[in-house]
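Just so we're aligned: the sequence shown equals residues 75 to 371 in the working numbering.
Where is the CB? At the ideal position from N, CA and C, for every residue including glycine.
What follows is a set of notes on a single structure, which appears directly below.
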Amino acid sequence: MEALKEYCTLWCTINEPNIYALSGYVTGDFPTKHHGMKVAMRVLANMLRGHAAAYRAIHQIQPEARVGYAHHHRPMVPKRSWSPLDALMRSLRYNGVNMAFPSGISTGVMKTPMGKFHIPEAKGTQDYLGLNYYSVDTVSFHPGKPRELFTYSEYPAEADTSENRFIANTPLGIFDTIKWAVRTYPDLPILITENGVNDSSDELRRRYLAQHLHQVWRAVNFNWPVKGYFHWTLVDNFEWERGWTQRFGLWGLEVETQKRIKRPSVDLYAGICKENGLSSEMVQKYCPEVFDKLFPV
């Protein structure tokens, strides 16, 4: 902070606390590879305490700072709309994934599927809300998933998905995520802190980028306070549990040489940034397959 405060006033204390807790302590995908919902919620509570302490420490050093965290938000729908059990599982999973950490900041009481954690020092400790959005999940009851409270999430078979079905291209979900944020925190500015797709061929990424930014534009036209968008990511990154196999970068990376390789999405995103907008010419050039969806007659 002392070294960087003259260059920066925007700070993010922690990235995706919900995903770290669930992936590291429930599903076992991340280190530490535990499998227990109770310990996961204790981990989440401790991260909330850490966030609150960091928020106050940053403001003590830099009173004018804007401090928040990056929340991974997963819109969810029941797999079978007629099934009350799927609807119940959707509600259970949605509240556990999406609402626990935000509830602690809103009220000082973190509400989880495993009970409440009273953390009064966390109340009101954000100056903006960072949103990470990727896909919409379809949720159902699964008797073989006791560690996940018998909930199971997937993408529909017909979904427009990335390599290994890691990300589904569901652009309306980012609009719904922003809408959730506006209703939950009506007085907070919003930053899209992550949004992108793994795609080594750069075929899906171009339409994913265009379609999602179109939905962000829709949100802005409702005067919702979206103040910025950060694409995930600039250069191929190392994923915690998948290493270098998921190619999220606008620029590709040769790991052995560290050479950067320009993908076509670079020029699309650069054009959007320069023009402060997404034109029909851009869509026709880079992702004509979604032209009619973005510019209907």
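- Nearest to THR244 by C-alpha distance, out of LEU327, ARG281, PHE369, PRO187, is ARG281.
- Put simply, the backbone Cα of GLU232 is about 17 Å away from that of SER214.
- In the displayed model, TRP85 falls within a strand according to three-state DSSP.
- Relative to CYS82, the option among LYS367, PRO137, VAL100 whose CA is nearest is PRO137.
- The beta carbons of ILE241 and VAL210 sit about 11 Å from each other, so the pair does not count as a contact at 8 Å.
- The segment 94-111 and the segment 155-169 do not touch, with fewer than 3 CB-CB distances between them shorter than 8 Å.
- PRO260 and LEU203 have their C-alpha atoms roughly 11 Å apart.
- Under the three-pair Cβ rule at 8 Å, the segment 114-125 counts as touching the segment 174-187.
- Inclusion of GLN200 and ILE248 in the CB contact set at 8 Å is not warranted, their separation being larger than that value.
- Taken through DSSP and simplified to helix, strand or coil, PRO176 comes out as helix.
- In this structure, the CA atom of LYS197 is about 35 Å from the CA atom of LYS153.
- Residues of the same chain with a CB within less than 8 Å of the CB of LEU287, apart from the 5 flanking positions on each side, are TYR303, ILE346, LEU352 in chain order.
- In this structure GLU328 is exposed. Its beta-carbon is surrounded by fewer than 16 other beta-carbon atoms within 10 angstroms.
- Considering only PRO230, VAL141, MET173, LEU246, the residue with the shortest C-alpha distance to LEU265 is VAL141.
- Between PRO149 and THR251, the C-beta spacing is below 8 Å.
- In this structure, LEU342 and LEU283 form a Cβ contact; the two beta carbons are roughly 6 Å apart against a cut-off of 8 Å.
- Separation of ASP160 and VAL151 (C-alpha to C-alpha, rounded to the nearest whole angstrom) is 9 Å.
- Assignment of ASN350 by DSSP, reduced to helix, strand and coil, places it in the coil class.
- Following the DSSP letters along the chain, one finds ALA161 inside the alpha helix (DSSP H) bounded by residues 158-168.
- Out of ASP273, VAL256, TRP306, the CA that lies nearest to the CA of TRP298 is found in VAL256.
- Contact annotation: ARG221 and MET111 have beta-carbon atoms nearer than 8 Å.
- Within the segment 104-136, the alpha helix (DSSP H) runs of at least 4 residues that lie entirely inside it are, in chain order, 111-135.
- For GLY247, the enclosing alpha helix (DSSP H) stretches over residues 246-258.
- Between the alpha carbons of ILE193 and HIS147 lies a distance of about 22 Å.
- TYR303 is bridged by DSSP to ILE266.
- Distances from the alpha-carbon of ALA95 to those of ALA128, HIS145, ALA77, TYR129 put HIS145 closest.
- Closest by C-alpha distance to VAL100, out of VAL171, ARG130, LEU84, HIS133, is VAL171.
- Under the three-state reduction of DSSP, GLU330 is assigned to coil, being neither helix nor strand.
- Note on geometry: alpha-carbon atoms of TYR208 and ASN269 lie some 6 Å from one another.
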